[in-house]
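Numbering (the numbering used here), first residue to last: 1155 to 1320. Virtual Cβ for every residue (Gly too), placed ideally from N, Cα, C. Everything numeric in this text was worked out from a predicted model, so none of it was measured. Working notes for the structure below.
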Ligand code: AMP
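Structure representation (structure tokens):
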């Protein structure tokens, strides 16, 4: 696992001064399959119906995981990308503000939310809210990296698992 960590590049002051950006591009190029396996190993998948991936890097992991596990994939997208009917949720991230949307056409089911990096946790909180409001039961949240020193996510209601926690 520590081997995978060496393929994550720290980029200081990107996209804004003071942010240390976790560049996962070398990892995607050289250790993609091992990374997908490492995220999959974080939980037991027997009760999960679908993976909800957060645009855009959550799509890279979520889609590959859904294929490997034979699960459905549900996109949580940036505002204006999904056709109606959708619901929206605004959130603050480490370097800006944005809105996420999800379709309201899904049947009730159990989902796991996947993203690449959790920073302030704003994206994840908005994604959890969207899923709940779209009739999806979130049973856990997964990320490759959790910058837990930047967030105060409460792990008691919905478990959060990450391959790397800082
Ligand atoms: P947040 O809402 O603050 O938890 O931000 C999480 C989202 O922003 C994720 O989708 C990440 O892709 C991206 N992000 C935030 N901070 C970083 C960082 N330091 N390095 C890489 N990606 C980041």
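DSSP places residue 1286 inside the alpha helix (DSSP H), whose first and last residues are 1276–1287. Listed in chain order, the non-local C-beta contacts of residue 1281 below 6 Å within the same chain comprise 1208, 1230 and 1267, local neighbours out to five positions each way being set aside.
Check the Cα spacing between residue 1260 and each of 1217, 1254, 1284 and 1169: the tightest is with 1284. Inter-segment contact for the stretch 1183–1192 and the stretch 1237–1254 is absent: fewer than three beta-carbon pairs are separated by less than 8 Å.
DSSP places residue 1160 in the coil class of the three-state scheme, outside both helix and strand.
Going by DSSP, residue 1193 is part of the alpha helix (DSSP H) stretching over 1186–1194. Between residue 1262 and residue 1289, the C-beta gap is smaller than 8 Å, which places the two residues in contact. Between the alpha carbons of residue 1239 and residue 1160 lies a distance of about 42 Å.
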